[in-house]
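Structure first, then comments.
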Amino acid sequence: MPLPTEADVRALVSQIVAGLQPEQDAPPGGAPTSAPTAASPAPGTRIAIAIGADHGGYPLKERIGFHLRELGHEVIDCGTDSGDSVDYPDFAHAVAQRVSSGAAACGVIVDGAGIGSSMVANKVPGIRAALCYDISSARNSREHNHANVLTLGAGLIGNGLALQILDAWLATPWAEGRHARRVDKINDVERQYLRSAS
């Protein structure tokens, strides 16, 4: 019998914790909802945030890092460190690993469009990366989907909007309730493929 993966252990702990908490918005039939794999930090809490970017996202990543430090957060900079051409999967993976391992509470990745980095990050167990392009999508990704990684497209949005999206994303708590059941289903899909790969 194969040993459980880290994602399996996290899921089991979440189910145990959920069993100790009062039920919220139970679906029809009274089935309880369970908690996601990791809790969102409370808005305003100072946390460790991993950031990364490719060459196209490098200038915006630097602004984001400065902004986060001004807010009092610990910034884990996963690179890149210049505008020289690099491959976005390397940096998206590095940020996602920090979040998946618990070294960072959440992550922010910037590339030209934000799409590729989101795809890469979502391959890492425990990651729910969301490409956000306005304040509404930022809030929705946290409130409904419990996103733990934000991806941004530096070539599609300006610096001012990017920081507004980031601030809204960090400030929005996860709503739990009926959304917990759906996030659990996201995690269940991931576990199915992790089991089949082992």
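Residues 92 to 289 in my numbering are what the sequence shown lists, from first letter to last. We put the CB at the ideal spot given by N, CA and C, even for glycine. Quick caveat, the model's predicted, so the values are computed rather than measured.
### Task
Specify, as a first and last residue, the run of the alpha helix (DSSP H) that residue 254 falls within.
Here residue 254 refers to the residue found at position 163 of the sequence shown. That run of the alpha helix (DSSP H) goes 250-262.
### Three-state class that DSSP yields for residue 177 in the structure shown
The sequence position of residue 177 within the sequence shown is 86, counting from 1. If DSSP states are grouped into helix, strand and coil, residue 177 belongs with coil.
### Task
Sort out for me which residues DSSP pairs residue 291 with in a bridge.
Look at the range of the chain in this structure, 92 to 289, and you will see that residue 291 is not part of it.
### Query
Relative to the alpha-carbon of residue 191, which residue among 202, 206, 163, 140 has its alpha-carbon at the smallest distance?
Position 100 of the sequence shown, counted from the first residue, corresponds to residue 191. When each option's Cα is compared against that of residue 191, the closest is 140.
### Message
Please return the same chain residues whose Cβ sits closer than 7 Å to the Cβ of residue 213, not counting the five positions on each side in sequence.
### Response
If you number the sequence shown from 1, residue 213 lands on position 122. Cβ within range, chain order: 220.
### Alpha carbon of residue 165 to alpha carbon of residue 194, nearest angstrom
Walking along the sequence shown from the start, residue 165 turns up at place 74. Walking along the sequence shown from the start, residue 194 turns up at place 103. Whole-angstrom Cα-Cα distance: 11 Å.
### Query
beta strand (DSSP E) containing residue 220: first to last residue?
Here residue 220 refers to the residue found at position 129 of the sequence shown. Start and end: 220-222.
### Query
Between which two residues does the beta strand (DSSP E) harbouring residue 138 extend?
Residue numbering aside, residue 138 sits at position 47 when the sequence shown is read from its first letter. It is not in any beta strand (DSSP E) - residue 138 carries neither H nor E in the DSSP assignment.
### Message
Going by C-alpha to C-alpha distance, which of 188, 167, 222, 162 sits closest to residue 258?
### Response
Residue numbering aside, residue 258 sits at position 167 when the sequence shown is read from its first letter. Of the listed residues, the one whose Cα sits closest to residue 258 is 162.
### Euclidean distance between Cα positions of residue 172 and residue 149
As a working mapping, residue 172 is identified with position 81 in the sequence shown. As a working mapping, residue 149 is identified with position 58 in the sequence shown. Approximately 7 Å between the Cα atoms of the pair.
### Message
Could you tell me the alpha carbon to alpha carbon distance between residue 208 and residue 251, rounded to whole angstroms?
### Response
Working through the sequence shown from its first residue, we reach residue 208 at position 117. Working through the sequence shown from its first residue, we reach residue 251 at position 160. Answer to the nearest angstrom: the Cα atoms are 21 Å apart.
### Task
Answer yes if the stretch 197-205 comes into contact with the stretch 230-243, meaning at least three C-beta pairs across the two stretches below 8 Å, and no otherwise.
yes
### Task
Please name the residue, chosen from 146, 284, 247, 236, that lies closest to residue 263 on a Cα-to-Cα basis.
Here residue 263 refers to the residue found at position 172 when the sequence shown is read from its first residue. Selected option, being the one with the closest Cα: 236.
### Query
Where do the ends of the alpha helix (DSSP H) carrying residue 39 lie?
Residue 39 lies beyond the residue range present for the chain, which begins at 92 and ends at 289; the question has no answer from this structure.
### Task
Could you tell me the distance, in whole angstroms, from the CA atom of residue 226 to the CA atom of residue 260?
Taking the sequence shown and counting its residues from 1, one reaches residue 226 at position 135. Taking the sequence shown and counting its residues from 1, one reaches residue 260 at position 169. In a straight line, the C-alpha of residue 226 is about 8 Å away from that of residue 260.
### Message
Output needed for residue 176: all residues of its chain with C-beta closer than 6 Å, excluding positions within five of it in sequence on either side, in chain order.
### Response
Here residue 176 corresponds to residue number 85 of the sequence shown, with the count starting at 1. Correct list, in chain order: 146.
### Query
What's the gap between the Cα of residue 113 and the Cα of residue 247?
Counting from one through the sequence shown, the residue named residue 113 turns up at place 22. Counting from one through the sequence shown, the residue named residue 247 turns up at place 156. Summary for residue 113: the model assigns pLDDT 35, below 50, so the residue's position carries little reliability, and this model does not support an answer.
### Message
Cutting at 8 Å between CB atoms, please list the residues of its own chain near residue 178, excluding the five before and the five after it.
### Response
Position 87 of the sequence shown, counted from the first residue, corresponds to residue 178. Result list for residue 178: 145, in chain order.
### Message
Rounded to the nearest angstrom, what separates residue 282 and residue 230 at their Cα positions?
### Response
As a first step, residue 282 is located in the sequence shown; it is residue number 191 there, counting from the start. As a first step, residue 230 is located in the sequence shown; it is residue number 139 there, counting from the start. Rounded to whole angstroms, residue 282 to residue 230 spans 26 Å at the Cα level.
### Task
Return the Cβ separation of residue 159 and residue 253 in integer angstroms, given the expectation that the two are a contact with Cβ distance under 8 Å.
Taking the sequence shown and counting its residues from 1, the one referred to as residue 159 is at position 68. Taking the sequence shown and counting its residues from 1, the one referred to as residue 253 is at position 162. Not quite, the Cβ-Cβ distance comes to about 12 Å (not below 8 Å), so this is no contact.
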